[in-house]
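Engineer: Take a look at this one; I'll ask things after.
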Amino acid sequence: MDAEGAGSPLDTDGVEHQCLTLEELGDYFQECIEAVEQLEKERDSLIAELAQLREPALQEIRHAHEEIQAACRLLAKVELERDNLKDEIRQIKQKLFKVTKECVACQYQLESRRHDLSQHAAYQGELETQAGQLSDELSRLKETCEKEKEVLRQRLETPPCRQDNLYLQESRRLSMEFESFVAESRRGLEEHYEPQLLRLLERREAGAKALQEMQGEIQGMKEALRPLQGEVSRLQLQNRSLEEQIVLVKQKRDEEVGQYREQVEELEDRLKELKNGVQLQQRKNQELEELRTSLHQELSIYKSCLEIYGHLCKPEDKADQDC
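The opening position of the sequence shown corresponds to residue 1 in UniProt numbering, with each subsequent residue numbered one higher.
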């Protein structure tokens, strides 16, 4: 272009046509500069708008993280309470099992005492029956002995006949023999039945004493069993109350977990939307940056063209002035 300008003079119409073209080029260049400035303003506005949009999103994200952390803490607290309730229920069950075991042992001892008491009562009745039989037999023997003695006394008191001397002697002998027989029989009965009667009396006294002791032990067991039964009832009520509390805590935990899951899903959806918006804004910024780079390149080209045009116009202006 410099060679063409230096080698051949340009006519007036060509110069005017070139000037108009350069003016249009300058106007277009000015419009491009204004467009670039407008795009830069729009870019700054979009960056500010993006910052304004990102700040609520970041606040919501931080709030969501705080809510998630609070939910995790609440879940950990609920799980800790659940574990504590499980430990308390386990301890109550162990205590209830121990109390039930003691209660069953007391009931078994009570039944054993009652069985022993019934056996002692039956044995006591049997001993009393035997003692009554022995007393009746002894009374009957005494009565028989008295009757025979009375008969012999009456015979002895009757006046003897002349022919009854031998009979009287024989009667006396028989009376003596009978008395000796009765005495021996009585001694034999006493020797045979007296130890049994003494043993029966001792057994009766021992049975009565054992009965009193058993009744005292039974009463003590009943009195000891009453608080155990009350403790069992209280533990059962406490166990049912704890089970109801566990059910309520589980229901509440499930509801809260469901709510937090819904909130987390909503926050994740919002995060996705924000990420998509950020990506879209980043693409717009990238397009603006590319447009700015392209405009800078075009501006550089226009500047170089203007410089060339300036170099071309200077010789022509000098030639016009010379003319």
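Quick reminder that beta carbons are idealized off the backbone N, C-alpha and C, glycines included.
Count the other CB atoms, across all protein chains shown, that sit within 10 Å of the CB of isoleucine 308; report buried if there are 16 or more and exposed otherwise.
Structural biologist: Exposed is the call here.
Engineer: Hey, leucine 200 and leucine 127: beta-carbon distance below 8 Å or not?
Structural biologist: In contact: leucine 200 and leucine 127 (Cβ atoms closer than 8 Å).
Engineer: Please state if the CB of glutamine 245 and the CB of leucine 85 are separated by a distance shorter than 8 Å.
Structural biologist: Yes, these two residues count as a Cβ contact at 8 Å.
Engineer: Could you tell me the distance, in whole angstroms, from the CA atom of glutamine 215 to the CA atom of lysine 101?
Structural biologist: For glutamine 215 and lysine 101, the distance between alpha carbons rounds to 23 Å.
Engineer: Let me confirm a value: tyrosine 302 is counted as buried when at least 16 other C-beta atoms fall within 10 Å, else exposed. Which label applies?
Structural biologist: When all chains shown are included, tyrosine 302 counts as buried.
Engineer: Would you check if the distance between the CB atom of valine 99 and the CB atom of leucine 267 is smaller than 8 Å?
Structural biologist: Against a cut-off of 8 Å, the Cβ pair of leucine 267 and valine 99 comes out as no contact.
Engineer: Determine the contact status of methionine 221 and glutamine 109, defining contact as a CB-CB distance below 8 Å.
Structural biologist: Yes. Within cutoff.
Engineer: Would you call the CB atoms of leucine 39 and leucine 288 closer than 8 Å?
Structural biologist: Cβ distance < 8 Å, so leucine 39 and leucine 288 count as in contact.
Engineer: If we ignore side chains and look at the alpha-carbon of each, how far apart do lysine 284 and valine 264 end up?
Structural biologist: C-alpha separation (whole angstroms): 29 Å.
Engineer: Can you name, in chain order, every residue of its own chain whose Cβ lies under 7 Å from the Cβ of glutamate 298, other than the five neighbours on each side?
Structural biologist: Counting only Cβ-Cβ distances below 7 Å, and skipping sequence neighbours, we find Cys32.
Engineer: On a Cα-Cα basis, can you pick out the residue from Val78, Glu273, Leu295 and Glu179 that is closest to valine 249?
Structural biologist: For valine 249, the nearest C-alpha among the options comes from Val78.
Engineer: Kindly list the residues whose CB is nearer than 6 Å to the CB of alanine 121, restricted to its own chain and excluding five residues on each side of it in sequence; keep chain order.
Structural biologist: Closer than 6 Å at the Cβ level, and outside the excluded window around alanine 121, lies no residue.
Engineer: Please determine, among Gln196, Leu189, Asp87 and Glu34, the residue with the shortest C-alpha to C-alpha distance to threonine 129.
Structural biologist: The residue with the shortest Cα to Cα distance from threonine 129 is Gln196.
Engineer: If distances are taken between C-alpha atoms only, which option among Ala105, Leu96, Glu60 and Glu223 comes closest to valine 232?
Structural biologist: Minimum Cα distance to valine 232 is reached at Leu96.
Engineer: Just to confirm before moving on: does the CB-CB distance between glutamate 148 and phenylalanine 178 stay below 8 Å?
Structural biologist: Contact: yes.
Engineer: Does the beta-carbon of arginine 162 have 16 or more other beta-carbons within 10 angstroms, so that it is buried, or is it exposed?
Structural biologist: Low confidence applies to arginine 162: its pLDDT is 48, below 50, so where it sits in the model is not reliable enough to give any reading.
Engineer: When you compare each of Leu306, Ala71 and Arg90 to glutamate 24 by their alpha carbons, which one comes out closest?
Structural biologist: Residue Leu306 is the option with its Cα nearest to glutamate 24.
Engineer: Which whole-angstrom value describes the C-beta separation of glutamine 238 and isoleucine 92, a residue pair presumed to lie in contact below a C-beta threshold of 8 Å?
Structural biologist: Right, the Cβ-Cβ distance comes to about 6 Å (below 8 Å), so this counts as a contact.
Engineer: Taking only beta-carbon positions, decide if glutamine 259 is within less than 8 Å of chain D.
Structural biologist: Of the protein chains in the structure, only one exists, and it is not chain D.
Engineer: Going by beta carbon distance, what residues of the same chain come within less than 6 Å of leucine 274, once the five residues before and after it are set aside?
Structural biologist: Correct list, in chain order: Ala57.
Engineer: Using only the alpha-carbon positions, how far apart do aspartate 87 and lysine 252 sit?
Structural biologist: So the alpha carbons of these two residues sit roughly 20 Å apart.
Engineer: Can you give me the C-alpha to C-alpha distance between glutamate 55 and aspartate 27, rounded to a whole angstrom?
Structural biologist: Approximately 41 Å between the Cα atoms of the pair.
Engineer: Which value, in whole angstroms, describes the spacing of the CA atoms of glycine 125 and tyrosine 193?
Structural biologist: In a straight line, the C-alpha of glycine 125 is about 18 Å away from that of tyrosine 193.
Engineer: With a floor of 4 residues, list each alpha helix (DSSP H) that falls wholly inside the segment 85-120, ordered by position along the chain.
Structural biologist: For the segment 85-120, not a single whole alpha helix (DSSP H) run of length 4 or above is found.
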